[in-house]
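Participant:
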Amino acid sequence: MNYFPTTKKEILKNLEDFSKNEILNYSSNRNYDLGIPHKNVSKLSPYIRRRFISEEEVMSIILKDNEINKIEKFIEEIFWRTYWRGWLETHPWIYNEYLKNNETKDLLKKTGIKCFDHWVDELLETGYLHNHARMWFASIWIFTLGYSWQSGAKFFENNLLDFCPASNTLGWRWVAGIQTIGKPYIARAENIRDFTKNRFYPKDQLNNTPNYSFENFSNGKASKFLEPKTIPFEDLTKVGLILNNNDLSLNKVLDKKGIKYNCCLWSTNNQNPIINNFQKLLYEDVCNNLNGVTLISDFETIFHWIQNKGIKNLILPYETVGNKIFSNRDFLNKLELLEVSYYFYLREWDQNAFPHCTRGFFNFKKMINELINHKNIFINAL
Ligand SMILES: Cc1cc2nc3c(=O)[nH]c(=O)nc-3n(C[C@H](O)[C@H](O)[C@H](O)COP(=O)(O)OP(=O)(O)OC[C@H]3O[C@@H](n4cnc5c(N)ncnc54)[C@H](O)[C@@H]3O)c2cc1C
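Spelled out as structure tokens, the structure:
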């Protein structure tokens, strides 16, 4: 069995199976970590994170088979990523502060906490952990082992196939009790026993009464989300599109709008061989399914490509906090020198949601129905 397949065909097939066989039980089963192959959850995060499959595509598939009110919990989870991304977008200083912290922690030896050691191995071997395991892991890391949340977030960053700056940083902050200030997530042995169905029971091994003060913490006031400039699609000629890890399926949006374009794919290397191999195979699949796409991995070659193809209008996926690739002054100045106009495309999915991500998830949740009905954004997404 291919645990994390890398072709769109296989991923769609897995999602269709999940939608037909598992999703109705998702709400009651999702919190159980029963080990590989984690059939009770979708394992879509490495793909949605890169929009190898978009949220709109996922929605259109699951709603073919299911009534919306029977799969609300799953839909809500899909929106957690959107919410975290929007929250970080309106609190960018939180990510900058995280970046300033250079602490790392290599786990060279076993801790003796069987579940924790198991999750380390699972993460290193597969690049994935179940959500509940991530919560327990982070809590043990911070409150039992006494390491900083930032070093834990970096450990995940270096090893997760689905690493997402917003979900990861804010997930770790949430466990540490500084996202929802003063409410740390404390992993308990009985909870681990129950939700792993007795695979693990770290009785008396966890620190359940950490001594932390949250008095001086504040996340600051959200800044207003500023939408990028509107793209005048009807006036655009000589269009170029750069796909990258921020959105590997943006070509579909342009196809729907009937825009003709030249396309290249920004191929990045990752130091972790598992992530690197996974990404390369995804890129390969994009290339196999899209005629004429060129793989590029350095800025100079991008400029040659732009000139060779005579591109005058360049479209790039919008770059959220933590995901900056091309939104740097050097690159943009060079485009201006070449008299190329550029547009960072923010999908409607994000555009409608981000302005509502300034407060807690509870408030955002009230908007979900409105967001999914908004111009039926996921209908005919495939
Ligand atoms: C400390 C910590 C760190 C995390 N780091 C990351 C990360 O770097 N990248 C990442 O994608 N997720 C992260 N998460 C969130 C979550 O654990 C994963 O998105 C989820 O486990 C992915 O598995 P799945 O696709 O099988 O999820 P499912 O349960 O099948 O959920 C479906 C989809 O909903 C979204 N989703 C579900 N739960 C969450 C969540 N809590 N936050 C955001 N989106 C969610 C994902 O896109 C997921 O693919 C983190 C959570 C914690 C507690």
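Quick note on our numbering: the sequence shown kicks off at 297 and runs consecutively. In this text, a Cβ means the ideal position worked out from N, Cα and C, and glycines have one as well.
Under the rule that 16 or more other beta-carbon atoms within 10 Å means buried, what is proline 333, buried or exposed?
Facilitator: Against the sequence shown, residue 333 aligns to sequence position 37. Proline 333 should be labelled exposed.
Participant: If you follow the beta strand (DSSP E) that serine 637 is part of, which residue opens it and which one closes it?
Facilitator: The count along the sequence shown starts at 1 and reaches residue 637 at position 341. Here the beta strand (DSSP E) through serine 637 covers 637 to 641.
Participant: Have a look at the DSSP bridge pairing and note the partners of asparagine 558.
Facilitator: Position 262 of the sequence shown, counting from 1, holds the residue named residue 558. Beta-bridge pairing links asparagine 558 to Gly536.
Participant: For threonine 440, does the count of other Cβ atoms within 10 angstroms reach 16, so buried, or fall short, so exposed?
Facilitator: As a position in the sequence shown, residue 440 is number 144, starting the count at 1. Threonine 440 is buried by the Cβ-count criterion.
Participant: What residue from Asp313, Leu420 and Ile474 has the CA that sits closest to isoleucine 438's CA?
Facilitator: Locating residue 438 in the sequence shown gives position 142, counting from the first residue. Cα-wise, what sits closest to isoleucine 438 is Ile474.
Participant: Whole angstroms is fine: what's the gap from leucine 311's alpha carbon to threonine 303's?
Facilitator: Residue numbering aside, residue 311 sits at position 15 when the sequence shown is read from its first letter. Residue numbering aside, residue 303 sits at position 7 when the sequence shown is read from its first letter. So the two alpha carbons sit approximately 12 Å from each other.
Participant: Can you tell me whether glutamate 351 is buried or exposed, with buried defined as 16 or more other CB within 10 angstroms of its CB?
Facilitator: Residue numbering aside, residue 351 sits at position 55 when the sequence shown is read from its first letter. Buried.
Participant: Measure the alpha-carbon distance for glycine 478 versus isoleucine 344 and round it to whole angstroms.
Facilitator: In the sequence shown, counting from the first residue as 1, residue 478 sits at position 182. In the sequence shown, counting from the first residue as 1, residue 344 sits at position 48. In a straight line, the C-alpha of glycine 478 is about 31 Å away from that of isoleucine 344.
Participant: Among Leu578, Asn584, Cys560 and Tyr379, which residue has its Cα nearest to the Cα of proline 461?
Facilitator: By one-based count along the sequence shown, residue 461 stands at place 165. The candidate whose alpha carbon is nearest that of proline 461 is Tyr379.
Participant: So what does isoleucine 703 bridge to, in DSSP terms?
Facilitator: Coverage of the chain is limited to positions 297 through 678, which leaves residue 703 absent and any answer about it impossible.
Participant: How about aspartate 458: is its Cβ closer than 7 Å to a heavy atom in ligand 1?
Facilitator: Position 162 of the sequence shown holds residue 458. Yes, ligand 1 has a heavy atom inside 7 Å of this Cβ.
Participant: Which of the three DSSP states is assigned to isoleucine 349 in this structure?
Facilitator: Walking along the sequence shown from the start, residue 349 turns up at place 53. Reduced to three states, the DSSP call for isoleucine 349 is coil.
Participant: Between leucine 631 and serine 519, what straight-line distance do the alpha-carbon atoms span, to the nearest angstrom?
Facilitator: Residue mapping note: residue 631 aligns to position 335 of the sequence shown, counting from 1. Residue mapping note: residue 519 aligns to position 223 of the sequence shown, counting from 1. Cα-Cα distance, rounded: 29 Å.
Participant: Quick check: is any heavy atom of ligand 1 less than 7 Å from the C-beta of serine 291?
Facilitator: There is simply no residue 291 to check, as the chain begins at 297 and stops at 678 in what is shown.
Participant: Along the chain, where does the alpha helix (DSSP H) that runs through leucine 420 open and close?
Facilitator: The sequence position of residue 420 within the sequence shown is 124, counting from 1. 410 to 422 is the span of the alpha helix (DSSP H), which, as asked, contains leucine 420.
Participant: Quick check on the DSSP output: the beta strand (DSSP E) that includes leucine 631 runs from which residue to which?
Facilitator: To locate residue 631, count along the sequence shown from 1; it is residue 335. It is not in any beta strand (DSSP E) - leucine 631 instead sits in the alpha helix (DSSP H) that spans 625 to 633.
Participant: Report all residues from its chain with a CB closer than 7 Å to the CB of isoleucine 319; omit the five preceding and five following residues, and keep chain order.
Facilitator: Counting from one through the sequence shown, the residue named residue 319 turns up at place 23. Same-chain partners within the cutoff: Ile358, Asn362, Ile367 and Phe370.
Participant: Between proline 498 and cysteine 411, how many whole angstroms is the CB-CB distance? I'm expecting something under 8 Å.
Facilitator: For the purposes of this step, residue 498 is identified with residue 202 of the sequence shown, where counting begins at 1. For the purposes of this step, residue 411 is identified with residue 115 of the sequence shown, where counting begins at 1. Correct: roughly 6 Å between the Cβ atoms.
Participant: Let me make sure I understand the geometry here. Which of Ser447, Gly442, Val416 and Ser435 has the alpha-carbon closest to that of threonine 400?
Facilitator: For the purposes of this step, residue 400 is taken as the residue at position 104 of the sequence shown. Measuring from the Cα of threonine 400, the nearest candidate turns out to be Ser447.
Participant: Which partner residues does isoleucine 592 have in the DSSP bridge list?
Facilitator: Stepping through the sequence shown from its first residue, residue 592 is reached at position 296. According to DSSP, isoleucine 592 bridges with Trp562.
Participant: Give the single residue among Leu403, Phe452, Gly442 and Ser444 whose Cα lies nearest to the Cα of alanine 429.
Facilitator: Counting from one through the sequence shown, the residue named residue 429 turns up at place 133. The candidate whose alpha carbon is nearest that of alanine 429 is Phe452.
Participant: Check each candidate in Asp646, His652, Asn648 and Phe599 and name the one with the smallest Cα separation from aspartate 626.
Facilitator: By 1-based counting over the sequence shown, the position of residue 626 is 330. Per the Cα distances, Phe599.
Participant: Between the C-alpha atoms of leucine 340 and leucine 456, what's the straight-line distance to the nearest angstrom?
Facilitator: As a first step, residue 340 must be located in the sequence shown, where it is residue number 44. As a first step, residue 456 must be located in the sequence shown, where it is residue number 160. Answer to the nearest angstrom: the Cα atoms are 13 Å apart.
Participant: Who are the near neighbours of lysine 605 in its chain, counting only those whose CB is closer than 7 Å to its CB and skipping five residues on each side?
Facilitator: Numbered from its first residue, the sequence shown carries residue 605 at position 309. Only Gly536 and Asn558 meet the Cβ criterion.
Participant: Buried or exposed: glycine 618, going by 16 or more other Cβ atoms within 10 Å of its Cβ?
Facilitator: As a first step, residue 618 is located in the sequence shown; it is residue number 322 there, counting from the start. Glycine 618 is buried by the Cβ-count criterion.
Participant: Who does aspartate 543 pair with in a DSSP beta bridge?
Facilitator: For the purposes of this step, residue 543 is taken as the residue at position 247 of the sequence shown. Bridge partners of aspartate 543: Asn540.
Participant: When you measure from the CB of arginine 345 to every non-hydrogen atom of ligand 1, does any distance come out below 7 Å?
Facilitator: Within the sequence shown, numbered from 1, the residue matching residue 345 stands at position 49. At least one heavy atom of ligand 1 is nearer than 7 Å to the Cβ of arginine 345, so yes.
Participant: Could you check whether the region 563 to 580 touches the region 643 to 653, counting it as contact only if at least three pairs of C-beta atoms, one from each stretch, sit closer than 8 Å?
Facilitator: In short, these stretches do not touch, since the Cβ pair count stays below three.
Participant: Using the Cα positions of serine 545 and lysine 360, report the straight-line distance between them to the nearest angstrom.
Facilitator: Reading the sequence shown from its first residue, position 249 is the one you call residue 545. Reading the sequence shown from its first residue, position 64 is the one you call residue 360. C-alpha separation (whole angstroms): 21 Å.
Participant: Please say whether phenylalanine 491 and tyrosine 328 have beta carbons closer to each other than 8 Å?
Facilitator: Taking the first residue of the sequence shown as position 1, residue 328 is located at position 32. Taking the first residue of the sequence shown as position 1, residue 491 is located at position 195. Against a cut-off of 8 Å, the Cβ pair of phenylalanine 491 and tyrosine 328 comes out as a contact.
Participant: Whole angstroms are fine: how far does the CA of phenylalanine 314 sit from the CA of phenylalanine 574?
Facilitator: Within the sequence shown, the letter at position 278 stands for residue 574. Within the sequence shown, the letter at position 18 stands for residue 314. Looking at the two C-alpha atoms, the distance is approximately 21 Å.
Participant: Between phenylalanine 529 and valine 636, what straight-line distance do the alpha-carbon atoms span, to the nearest angstrom?
Facilitator: One-based indexing of the sequence shown puts residue 529 at position 233. One-based indexing of the sequence shown puts residue 636 at position 340. Roughly 15 Å between the two C-alpha positions.
Participant: So, at 8 Å on beta carbons, what are the nonlocal neighbours of isoleucine 668 in its own chain, with the 5 sequence-adjacent residues on each side left out?
Facilitator: Counting from 1 along the sequence shown, the entry for residue 668 is found at position 372. Closer than 8 Å at the Cβ level, and outside the excluded window around isoleucine 668, lie Met355, Ile364, Ile371 and Phe674.
Participant: Start and end of the alpha helix (DSSP H) containing cysteine 583?
Facilitator: On the sequence shown, residue 583 is found 287 positions in, with the first residue counted as 1. Note, cysteine 583: alpha helix (DSSP H), 569 to 585.
Participant: With three or more beta-carbon pairs closer than 8 Å as the criterion, would you say the region 479 to 487 touches the region 383 to 401?
Facilitator: Cβ pair count under 8 Å is below three, so no.
Participant: Taking 8 Å as the threshold (C-beta atoms), are proline 613 and asparagine 515 in contact?
Facilitator: Taking the sequence shown and counting its residues from 1, one reaches residue 515 at position 219. Taking the sequence shown and counting its residues from 1, one reaches residue 613 at position 317. Contact flag unset, no.
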